[in-house]
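Okay, structure first, notes after.
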Amino acid sequence: MSTSHLSSATKRFLMSHDQKEWLTVGGPFGDMGWIFHVDEDAAFNFGNRRFKDLWRSFAYAADRGYDLILFDDVEEPVRDLPVY
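Quick note on numbering: the working numbering labels position 79 of the sequence shown as 307, and the sequence is numbered without any gaps.
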C-alpha cells in the first residue's frame, strides 16, 4: 500500500518512535516504509485515536482478509483510501 495514505504526522510518529510505542505489531521497511501485522481486531485499536489514516488502512486490509500490510513509497495509491 502506498505511504501516500499516511499523513505527515503519522509518518513522523512512525519514524521517530520505537516500535514498542506503536499501537500494533510492526516495524520499519526500507528507507521510507513500514510493515504491520493485521489481525481481526487491529483496525478497531485505532478507532478513537489520532491516527485515523492508519486506522482506515487497517480497516481496508482487515475487511479484505489481509494478514500483513506493507506501506511503501513506490506503490500506487488505492482508489478507496484518502491520499495525503
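Ideal Cβ positions, reconstructed from N, Cα and C, are used throughout, including at glycine.
None of these values were measured; they are calculated from a predicted model.
Its chain contains no residue whose beta carbon lies nearer than 6 Å to that of residue 250 once the 5 sequence neighbours on both sides are disregarded. Annotation for residue 298: the continuous beta strand (DSSP E) segment containing it runs 296-299. By the Cβ neighbour-count rule, residue 285 is buried, with 16 or more other Cβ atoms within 10 Å of its own. For residue 241, the enclosing alpha helix (DSSP H) begins and ends at 236-244. In the three-state scheme derived from DSSP, where H, G and I count as helix and E and B as strand, residue 257 is classed as coil. Taken through DSSP and simplified to helix, strand or coil, residue 262 comes out as strand.
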